[in-house]
Amino acid sequence: MKIRDVRTTHVQVARRESLWSATHQYVHRTLRARSHRSALIVEVETDDGLVGVGQASISPGPAGTTQAVIEQELRPYLIGEDPSFIEGLWARMYRGTLQHGRRGIVIAAMSGVDIALWDLQGKALGQPIYKLLGAYRDRVDAYASAGWYAEGKTVDDLSSEVRALMEQGYRAVKIKIGALPVNEDLGRIRAAREGVGPSRALMVDANRSYDPKTALRMARRLEEFDVAFFEEPVSPDDPDGSAFVAAGTTIPIAGYETEVTRFGYRELIQRRAVDVVQPDVIWAGGISEARKIAEMASAWGLPYIPHSFGSPLTLVANLHLVASLDNGQSVEVDCTDNPLMDGLLLDCPTIGLDGQIPLPSGPGLGVELNRAFIEDYRVPG
Ligand code: MG
315 MKIRDVRTTH
325 VQVARRESLW
335 SATHQYVHRT
345 LRARSHRSAL
355 IVEVETDDGL
365 VGVGQASISP
375 GPAGTTQAVI
385 EQELRPYLIG
395 EDPSFIEGLW
405 ARMYRGTLQH
415 GRRGIVIAAM
425 SGVDIALWDL
435 QGKALGQPIY
445 KLLGAYRDRV
455 DAYASAGWYA
465 EGKTVDDLSS
475 EVRALMEQGY
485 RAVKIKIGAL
495 PVNEDLGRIR
505 AAREGVGPSR
515 ALMVDANRSY
525 DPKTALRMAR
535 RLEEFDVAFF
545 EEPVSPDDPD
555 GSAFVAAGTT
565 IPIAGYETEV
575 TRFGYRELIQ
585 RRAVDVVQPD
595 VIWAGGISEA
605 RKIAEMASAW
615 GLPYIPHSFG
625 SPLTLVANLH
635 LVASLDNGQS
645 VEVDCTDNPL
655 MDGLLLDCPT
665 IGLDGQIPLP
675 SGPGLGVELN
685 RAFIEDYRVP
695 G
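So the mapping is simple: my numbering equals the position in the sequence shown, first residue as 1, plus 314.
Structure representation (structure tokens):
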């Protein structure tokens with residue numbers, strides 16, 4: 315079996331309401347102008363007609379740059395090759411693009427290809443990916459990612475939002491912080507804790523908005539609300555700053571979705587900048603690379619809880635890896651207003667009242683793209 319084609323499809327859907335996090339606090343107008351949700355789908359086709367599906371992160375840039383990397387730069391490493399040599403193809407792509415790769419767009423592009431190769435491998439062998447990886451569990455705890463800032467949204471609205479998520483089955487919810495001064499955000503955190511109740515987990519995500527001392531001040535205030543983790547307090551470019559925060563509080567520091575590859579995570583883990591490890595398979599180098607990161611985390615006794623936001627394909631790809639890990643603790647689910655979550659797949663697995671998502675049992679990722687939805691929302695190339 316040889317690879318015959320590698321192609322991408324950009325899907326974009328208008329969002330119904332405007333939301334923002336701390337990262338975008340100075341560009342609200344820009345964010346609102348770009349009020350849509352996108353996914354870049356990667357397909358790898360073989361000469362016997364099998365098609366593997368993956369997704370590459372395009373956050374937040376235009377899709378065209380990532381599409382060009384996949385279709386023009388990575389494609390030559392793949393065409394005519396045996397798709398089951400996933401590790402070998404990853405190494406060829408990484409080494410071949412090293413001088414302008416190693417991070418960002420090129421690693422995101424490789425991530426999409428890698429996931430598609432794993433989907434292909436599963437389809438070729440008739441097994442779901444999590445079993446090919448050596449399954450650890452077949453259901454994964456899920457947490458709700460919600461509590462964004464929005465125009466006119468009150469603390470009571472936030473409390474109602476998280477309470478409704480608990481009623482859907484979630485045992486844990488994460489809200490955004492960092493776009494307001496610490497004391498104002500504390501009012502939101504108190505309201506979210508009331509909505510979640512005393513026995514379920516509450517997490518917060520600052521999206522890299524604090525300097526280390528402000529982050530530590532916030533972390534110490536979070537202790538009274540029994541916050542399960544504090545995500546991305548500072549920039550991933552300041553692992554020592556993150557380690558300073560982690561050392562000064564009992565709240566576990568989680569991150570960094572914005573870091574990629576085993577080499578980036580080696581720094582975060584060795585410097586004790588994180589207590590919870592959070593790569594996303596669509597950014598960090600695919601399932602192959604994220605597994606290496608997860609195993610490194612395991613050796614340091616750290617839980618693996620991936621970033622997983624924006625599309626159901628991302629969720630499913632991350633779900634398979636988490637289900638294969640002894641330190642795979644839970645997976646993030648985008649619970650914001652996002653039409654992709656309902657539309658992109660015909661059969662996205664959903665959370666049960668036990669707070670867990672069952673793994674799809676079909677081969678590969680075990681899900682099917684909704685081709686009619688994609689045709690309706692495909693951005694012409
Ligand atoms: Mg985050």
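Note that the Cβ used here is the ideal one computed from N, Cα and C, for glycine as well. Because the structure is a prediction, the values reported are computed rather than measured.
Proximity below 7 Å, CB of residue i to CB of residue j
i	j	result
Ala-430	Val-487	no
Tyr-524	Val-548	yes
Gly-680	Lys-437	no
Ser-425	Ile-619	no
Pro-653	Pro-663	no
Ala-515	Ile-665	no
Cys-649	Ala-464	no
Glu-537	Tyr-570	no
Pro-526	Val-574	no
Val-693	Gln-386	no
Val-476	Val-510	yes
Proximity to residue i [Cα-Cα], best of the options
i	options	result
Asp-554	Ala-533, Gln-584 and Thr-564	Gln-584
Ala-568	His-621, Leu-635, Trp-404 and Leu-333	His-621
Arg-502	Thr-528, Arg-522 and Phe-539	Phe-539
Val-496	Leu-658, Asp-452, Arg-534 and Pro-512	Arg-534
Gly-600	Ala-631, Ser-612, Glu-357 and Ser-352	Ala-631
Arg-522	Phe-544, Ala-505 and Val-510	Phe-544
Ser-398	Ser-459, Lys-316, Met-407 and Leu-639	Lys-316
Gly-483	Glu-682, Asp-668, Leu-683 and Val-681	Asp-668
Phe-687	Val-574, Leu-660, Pro-672 and Leu-472	Leu-660
Arg-531	Ser-513, Gly-511 and Asp-499	Asp-499
Asp-471	Gly-676, Arg-507 and Ala-328	Arg-507
Ser-332	Asp-452, His-350 and Glu-682	His-350
Ile-489	Ala-458, Glu-581, Tyr-444 and Arg-318	Ala-458
Val-454	Ala-520, Glu-401 and Arg-485	Arg-485
Ala-505	Val-469, Ser-612 and Ile-491	Val-469
Val-365	Asp-690, Tyr-691 and Leu-683	Leu-683
Gly-657	Leu-627, Gln-643, Gln-670 and Ile-372	Leu-627
Coil, strand or helix - residue i by DSSP
i	result
Ala-430	helix
Thr-323	strand
Ala-328	strand
Leu-345	Annotation note: pLDDT 45 at Leu-345 (below 50); position unreliable, coordinate value reported separately. Three-state result, Leu-345: helix.
Val-548	coil
Lys-316	coil
Tyr-618	strand
Glu-465	coil
Pro-376	coil
Pro-677	coil
Pro-593	coil
Leu-659	strand
Glu-385	helix
Gly-415	coil
Gly-436	helix
Val-588	coil
Gly-666	coil
Val-367	strand
Cβ neighbours of residue i in the same chain (closer than 8 Å, five flanking residues each side left out)
i	result
Leu-616	Ile-583, Val-588, Asp-589, Val-590, Val-591 and Asn-641
Gln-381	Thr-322, His-324, Leu-354 and Gly-695
Lys-467	none
Thr-563	Leu-530, Ala-533, Arg-534, Leu-536, Glu-537 and Phe-544
Alpha helix (DSSP H) segment containing residue i, residue limits
i	result
Ser-612	600 to 613
Tyr-457	Counting along the chain, Tyr-457 falls outside any alpha helix (DSSP H), though it belongs to the beta strand (DSSP E) covering 453 to 459.
Thr-628	626 to 637
Ser-371	Per DSSP, Ser-371 belongs to no alpha helix (DSSP H) and is neither H nor E.
Asp-690	685 to 691
Asp-697	Absent from the model: residue 697. The displayed extent of the chain is 315 to 695, so no value can be given.
Gln-441	Gln-441 -> no alpha helix (DSSP H), and no H or E assigned at all.
Trp-404	400 to 410
Phe-539	Segment: none, Phe-539 is in no alpha helix (DSSP H) and carries neither H nor E.
Other residues of its chain near residue i: CB distance less than 7 Å, five sequence neighbours each side excluded
i	result
Lys-264	Residue 264 falls outside the range modelled here, since the chain spans only 315 to 695, and no answer is possible.
Ala-423	Ala-370, Thr-380, Val-383, Ile-384 and Leu-388
Trp-614	Ile-583
Tyr-340	Only weak support exists for where Tyr-340 lies, its pLDDT of 29 falling under 50; the coordinates are left without a value.
Span of the beta strand (DSSP E), counted from its first residue to its last, around residue i
i	result
Asp-519	515 to 519
Lys-527	Not the beta strand (DSSP E): Lys-527 falls in the alpha helix (DSSP H), residues 526 to 536.
Ile-503	No beta strand (DSSP E) holds Ile-503; the alpha helix (DSSP H) holding it covers 496 to 510.
Glu-359	350 to 360
Gly-569	567 to 569
Gln-670	670 to 672
Val-487	486 to 490
Glu-646	645 to 648
Other residues of its chain near residue i: CB distance less than 6 Å, five sequence neighbours each side excluded
i	result
Pro-674	Pro-663, Gly-680 and Val-681
Ala-347	With a pLDDT of 44 at Ala-347, under the threshold of 50, the modelled position of this residue cannot be trusted; read the value that follows with caution. No residues qualify anywhere along the chain.
Arg-406	Tyr-391
Tyr-444	His-634, Ala-637, Ser-638 and Leu-673
Ala-377	His-324 and Leu-354
CB contact below 7 Å: residue i versus chain B
i	result
Ala-382	The chain inventory of the structure shown lacks chain B, comprising one protein chain alone.
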